[in-house]
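Number of protein chains: 2
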Amino acid sequence: MSAAPLDPSEHRSGALLDHLARRMRLRSESVLAPLGLRPRHLVALTVLRAGGGISQQALASTLEMDGTNIVGLLNDLEAERLIERRRSPEDRRRHVVELTDDGAKRLSEAECALAGAENEVLGALEPTERETLYELLRRATTGPISCGEAVREETPPDTSC
Amino acid sequence: MSAAPLDPSEHRSGALLDHLARRMRLRSESVLAPLGLRPRHLVALTVLRAGGGISQQALASTLEMDGTNIVGLLNDLEAERLIERRRSPEDRRRHVVELTDDGAKRLSEAECALAGAENEVLGALEPTERETLYELLRRATTGPISCGEAVREETPPDTSC
DNA sequence: TATTGTTATACTCTATAACTATA
DNA sequence: TATAGTTATAGAGTATAACAATA
């Protein structure tokens, strides 16, 4: 009755990633609400901590979000002094976005508060496995795609299967 | 300049998971569209392949989606004969949901078509690392939470940090 | 003219409430 | 009365188009 494919090259992580991310996000929402944050805010703060001082468009490219929605997202964070927008002296059209000290502090508090939610969602994994997962996710998200500036390439017609 | 926490117990995978899942989903959408599927459909089909013959409510619990949205989701899949709804003889209120042969076939085709998207998103990882990631995701999503029937517990006030 | 950021708006996804049928 | 599924509908999330400032 094993209908699942056994060849590792047939394994697709997409659906599992979607499923697990949803479960994590649902629990994160209730944990973050008292801190005045939403999961999306945490993703932005995390990216800005890893590499701040970038334009809104570069942030949009990294997060793969539409630039128009970055505006509202940063408005939220700026209203609570978690990030700062400064006009770039080199190109006055650009806003240079950076994490404030308060932002770094709030992010740490949020990560601390999320420990329980993460323990619940990743309950089936041992501590060393969770660390492995974290490392894989970190490396995957800091790859060339996520750091590119305005990549947005269309998916090539890869029918190699 | 290393502002990131170094203690592994401080590592939180939530934001990275969210970020990576989004990138995967955006690429999956364009790949799945010609097959008449959306990322959400693929998650449901994947869960049903792993363990079909369950009620809509159990499916909702596993996917952690509201039961009302499961209706439309299954309507889509049923319209294309990818799943079947049968009244349970034991409790005629229930619909027993199962993957059809066409559904299993379409799922395989979709997974095949997604190879390119996955290669792009997981480009920073080696093949063995991708297999490790797949295994971790599979085990995490088949844990006691995802298989529970109508768990839906509120997040406990875990302030152990 | 092209680009950055902004606003207004339409579209999709998700959740809440009320209904039908079964138990 | 309580539960499984359905429908209708309002709220949140996201994308598209037009505009202002700057290059």
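First to last, the sequence lines map onto chains A and B.
Here the first sequence is numbered in the numbering used here, starting from 2 and rising by one per residue.
Here the second sequence is numbered in the numbering used here, starting from 2 and rising by one per residue.
Using N, Cα and C, we set each Cβ at its ideal position, and we do this for glycine too.
*Please check if any C-beta of chain B sits within less than 8 Å of the C-beta of A/Pro35.*
no
*What does a CB cutoff of less than 6 Å around B/Arg24 pick up in its chain, not counting 5 residues either side in sequence?*
Val122
_From the DSSP secondary-structure annotation, give me the bridge partner or partners of A/Arg87._
A/Val97
*Where does A/Gly15 land, buried or exposed, given buried means 16+ other C-beta within 10 angstroms?*
buried
*May I have the straight-line CA-CA distance separating A/Ala114 from B/Thr101, to the nearest angstrom?*
43 Å
_Candidates B/Arg95, B/Asp77 and B/Glu91: closest to B/Gly104 by CA position_ = B/Asp77
*asked:* Short of 8 Å in beta carbon distance, which residues of its chain neighbour B/Glu30, apart from the five on each side in sequence? Order them along the chain.
replied: Arg39 and Pro40
*If we count Cβ pairs, one from each stretch, closer than 8 Å, do we get three or more for the segment 127-134 of chain B versus the segment 134-145 of chain A?*
yes
*Closer than 7 Å by beta-carbon distance: list the chain A residues that pair up with B/Ser29, in chain order.*
Gly15
*Does DSSP classify B/Glu56 as helix, strand or coil?*
A quick correction: the sequence has Ser, not Glu, at residue 56 of chain B. Strand, per DSSP.
_Quick check: is the beta carbon of A/Asp103 nearer than 8 Å to any beta carbon in chain B?_
no
*Hey, quick one: how far does the alpha helix (DSSP H) through B/His172 stretch, first residue to last?*
Outside the shown range of chain B (2 to 162) lies residue 172 of chain B, about which nothing can therefore be said.
*Closer than 8 Å, CB to CB, is B/Gly52 near chain A or not?*
no
*Other residues of its chain near B/Arg88: CB distance less than 8 Å, five sequence neighbours each side excluded*: Arg95, His96 and Val97
*In chain A, what lies closer than 7 Å to B/Leu138 by C-beta?*
Ser14, Leu17, Leu18 and Leu21
*Is the CB of B/Ala125 under 8 Å away from at least one CB in chain A?*
yes
*A/Glu91: buried (16+ other C-beta within 10 angstroms of its C-beta) or exposed?*
exposed
*Apart from the five residues just before and just after B/Gly53, which ones in its own chain have a Cβ nearer than 6 Å to its Cβ?*
Glu99 and Leu100
*Roughly how many whole angstroms lie between the Cα atoms of B/Cys148 and A/Leu17?*
Caution is warranted here: a pLDDT of 31 is assigned to B/Cys148, below 50, making its placement in the model unreliable, and the coordinate value is therefore given only provisionally. Each residue's alpha carbon lies about 14 Å from the other.
*Please report the residue range of the alpha helix (DSSP H) in which B/Asp67 lies.*
Counting along the chain, B/Asp67 falls outside any alpha helix (DSSP H), and DSSP gives it neither H nor E.
*Round the Cβ separation of A/Ala22 and B/Ala22 to the nearest angstrom and send it over; I've been treating them as touching at under 8 Å.*
4 Å
*Going straight from the alpha carbon of A/Pro9 to that of B/Asn120, what length do you get?*
14 Å
*With 16 other Cβ atoms within 10 Å as the buried cut-off, status of A/Glu112*: buried
*Would you tell me roughly how many angstroms separate the C-alpha atoms of B/Leu108 and A/Ile84, rounded to the nearest one?*
43 Å
*Once you ignore the five residues that flank B/Ile71 on each side, which residues in its own chain have a CB closer than 7 Å to its CB?*
Gln57, Leu60 and Ala61
*With 8 Å as the threshold, decide whether the Cβ of A/Val44 is near any Cβ in chain B.*
yes
*Would A/Thr69 be called buried (16 or more neighbouring beta carbons within 10 Å of its own) or exposed?*
exposed
*Please list the residues of the segment 86-98 of chain B that have a C-beta atom closer than 9 Å to any C-beta atom in chain A, keeping them in chain order.*
none
_With a threshold of 8 Å between beta carbons, is A/Thr69 in contact with chain B?_
no
_A/His20 burial status per 10 Å Cβ neighbour count (16 or more: buried)_ = buried
*asked:* DSSP three-state label for A/Gly124, please.
replied: coil
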